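When we follow this note's numbering, the leftmost residue of the sequence shown carries the number 671, and every step to the right adds one.
Quick notes on the structure that follows.
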Amino acid sequence: MAKDMNFLTPCSFVIFGATGNLATIKLLPALYNLEMANRLPTALHFVAIARKQWQQADWSTHVHDVLKGRFAEGFSEEIFQRFISRFSYLKGDLDNSQCYADLIEELGKPREGVACSNIIFYLALKPEQYIPVVQHLDEAGLNRPQNFHRIVVEKPFGTDLETAKLLNQRLHQSFDEENIYRIDHYLGKETVQNMLVFRFANTLIEPIWNRNYIDHVQITVAEDIGIGSRADYYDQAGALRDMLQNHLMQLLTVVAMEPPPSLDADAVRDEKVKVLRSIRPVPRRAVQARALRAQYADGVIDGEQVPGYQHEPGVENNSVTETFVAAKFYIDNWRWKGVPFYMRTGKRLAKSMTMIAIRFHDTPQQLFRETPLQVISPNWILLSIHPVESMQMEIHVKQPGLSMETRVTKLAASYRMDNEAPLDAYETLLLDVIEGDRTLFIRFDEVEMAWQVVDPIMKQWSQDQAYIPSYAAGSWGPEEANRLFDDDDQFWRNEI
Ligand code: BG6
């Protein structure tokens, strides 16, 4: 809910890892956009912490370059001046307690005549730095709440069930749950939030949203990009940990959840957790039948030759890390019993596309059997999240003419009008952190249940390190992904 930001009490927003990839690509542009939209509270101050031996002026030049490069024509010097005046740059080594002493001193400086008692810590760091930084914050007393001290933790939250629990325990020793913000930026995407509206604000959808009408659900997050310079992280993670355990599982919960009693953070999250709890476990012996992995080989994307995963900088040439994963899950509850949820995600696929495709059952009677039409194909609802933001319903209509022939027509509801600018997920989420709205953040039981679902798959694959199938970069992944389908007439939807 929009608030008048001037009424909020003073707040310091500390960005750890301020010169890193996440801060540069996501946080700074999103915060700048919020500044431009006048959504940042007047008394909000940023402390940017990084190792670089920079002075304030170097930081300012850096931010200027980043934003100018990003927004080009849309960049405004005036907004930038307002934005940059909110920042202090602090050079520091996060492993050294001096850094935290310096931070305390910085935070103690009165801004606009008021000492700040609210702090947000944003860990834009490598996951292995989370626990040490929390430890230091604790030792320095920086976690002791006066008004609020919030901490924002990025995914991946742990590398498996055990490490996720450890990280959670450590966070809870220093911060209350209500001050922990676990980010999965997919929940900040407007089109993902729109799914809640689509499902729960339209009477005509709810009665058909179940196993009586739906044959299966597909969730695809395809990317045409490779791993870029992230080999360090990605080669340890792989597609299952990087995407399926979090982003795709979150999409699944939004598609499958029951209507919550209200839009309160916990009411929504309770329903999402129930979905995760109802997912039929994948026993180790069933992993082969229910999931598959693969890795991209050399190929061509947009007419350009691109290297295979093992030739990416920083990747060993015998790496068996998966860059593609497909899996089939069942949700054993009244609504979804027997409906397969097919999920797939991969890098260096034919194109970038995020889509939830819902296929309905065949009509009970093939009334058109004796006509040229013979068999009617089933209806689909396509919820497209990227690059197209729309909802399409595929239905049959008669073709004009003397014979009884039909064609598929699409009822399309585009999410955004031409004059409505897209919002980045981080803009929504950062504002929510500042305003203290946790609805779009992940509660630990969601993380835990999602790890529980994928854990047997990870364990099985980690024992099988000798070989990984490959797919050509620029393709739709391995042919083998078709073997997950329960029925011969099921197929992956690659187009909207
Ligand atoms: C990140 C993953 O969480 O999401 C990346 O670590 C992936 O590997 C990215 O590329 C995809 O996000 P989006 O918003 O571009 O679909």
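Ideal Cβ placement from N, Cα and C applies to all residues, glycine included.
Computed from a prediction, not measured in an experiment: that's the story for all the values here.
Next on the checklist: So, with DSSP's three-state summary, where would you put M1013?
Outcome noted: If you number the sequence shown from 1, residue 1013 lands on position 343. DSSP places M1013 in strand when its eight states are reduced to three.
Checklist entry - Which residue comes first and which comes last in the beta strand (DSSP E) that contains W1050? => result Your numbering for residue 1050 matches position 380 in the sequence shown. Its beta strand (DSSP E) spans residues 1050 to 1056.
Checklist entry - Can we say the stretch 748 to 762 touches the stretch 704 to 718, given the rule of at least three CB pairs closer than 8 Å? => result yes
Checklist entry - Regarding N691 and the ligand BG6, is the C-beta to nearest heavy atom distance less than 8 Å? => result Translated into the one-based positions of the sequence shown, residue 691 becomes position 21. No, the beta carbon of N691 sits no closer than 8 Å to any heavy atom of the ligand BG6.
Checklist entry - How about the stretch 971 to 990 and the stretch 940 to 955: do they share at least three Cβ pairs that are nearer than 8 Å? => result no
Checklist entry - Helix, strand or coil for K673 per DSSP? => result Position 3 of the sequence shown, counted from the start, is the residue given in the question as residue 673. Reliability of the predicted coordinates at K673 is poor, the pLDDT of 47 falling under 50, and the value obtained from them is presented with this limitation in mind. Of the three classes helix, strand and coil, the one that applies to K673 here is coil, per DSSP.
Item to check | Span separating the alpha-carbon of L697 from that of R781 | outcome: Indexing the sequence shown from 1 puts residue 697 at position 27. Indexing the sequence shown from 1 puts residue 781 at position 111. Looking at the two C-alpha atoms, the distance is approximately 22 Å.
Checklist entry - To the nearest whole angstrom, what separates the beta carbons of N817 and N864, a pair I think is in contact under 8 Å? => result Start at 1 with the first residue of the sequence shown, and residue 817 comes out as number 147. Start at 1 with the first residue of the sequence shown, and residue 864 comes out as number 194. Not quite, the Cβ-Cβ distance comes to about 33 Å (not below 8 Å), so this is no contact.
Checklist entry - Candidates Y792, M1013, F757: which alpha carbon is nearest K779's? => result Against the sequence shown, residue 779 aligns to sequence position 109. Comparing Cα positions, the closest option is F757.
Item to check | Reduced DSSP secondary structure (H/G/I, E/B, other) of N1164 | outcome: Sequence index remark: in the sequence shown, residue 1164 carries index 494 (1-based). Coil, per DSSP.
Checklist entry - Run through DSSP, which three-state label would F1155 get? => result Here residue 1155 corresponds to residue number 485 of the sequence shown, with the count starting at 1. If DSSP states are grouped into helix, strand and coil, F1155 belongs with coil.
Checklist entry - Beta-carbon separation of R881 and F845 under 9 Å? => result As a working mapping, residue 881 is identified with position 211 in the sequence shown. As a working mapping, residue 845 is identified with position 175 in the sequence shown. Cβ atoms of R881 and F845: not closer than 9 Å.
Checklist entry - For N766, is the classification buried or exposed, using 16 other Cβ atoms within 10 angstroms of its Cβ as the cut-off for buried? => result Your numbering for residue 766 matches position 96 in the sequence shown. Looking at its Cβ environment, which holds fewer than 16 other Cβ atoms inside 10 Å, N766 is exposed.
Checklist entry - From F1253 to F1011, what does the alpha carbon distance come to, in whole angstroms? => result Given a span of 671 to 1166 for the chain in the structure shown, any question on residue 1253 remains unanswerable.
Checklist entry - Does the ligand BG6 have a heavy atom nearer than 8 Å to the CB of H981? => result As a first step, residue 981 must be located in the sequence shown, where it is residue number 311. Relative to the ligand BG6, the beta carbon of H981 is positioned no closer than 8 Å to any heavy atom.
Next on the checklist: Whole angstroms are fine: how far does the CA of P953 sit from the CA of P1126?
Outcome noted: Locating residue 1126 in the sequence shown gives position 456, where the first residue counts as 1. Locating residue 953 in the sequence shown gives position 283, where the first residue counts as 1. Taking the straight line from one Cα to the other gives about 6 Å.
Item to check | Backbone secondary structure at F750 - three-state DSSP | outcome: For this step, residue 750 is matched to residue 80 along the sequence shown. Three-state DSSP puts F750 in a helix.
Checklist entry - Between H734 and the rest of its own chain, which residues show a CB-CB distance below 8 Å, the 5 nearest in sequence each way excluded? => result For the purposes of this step, residue 734 is taken as residue 64 along the sequence shown, with counting starting at 1. The residues are F750, I754.
Next on the checklist: With H, G and I counted as helix, E and B as strand and the rest as coil, what does DSSP make of K1080?
Outcome noted: Here residue 1080 refers to the residue found at position 410 of the sequence shown. In this structure, K1080 counts as strand in the three-state DSSP scheme.
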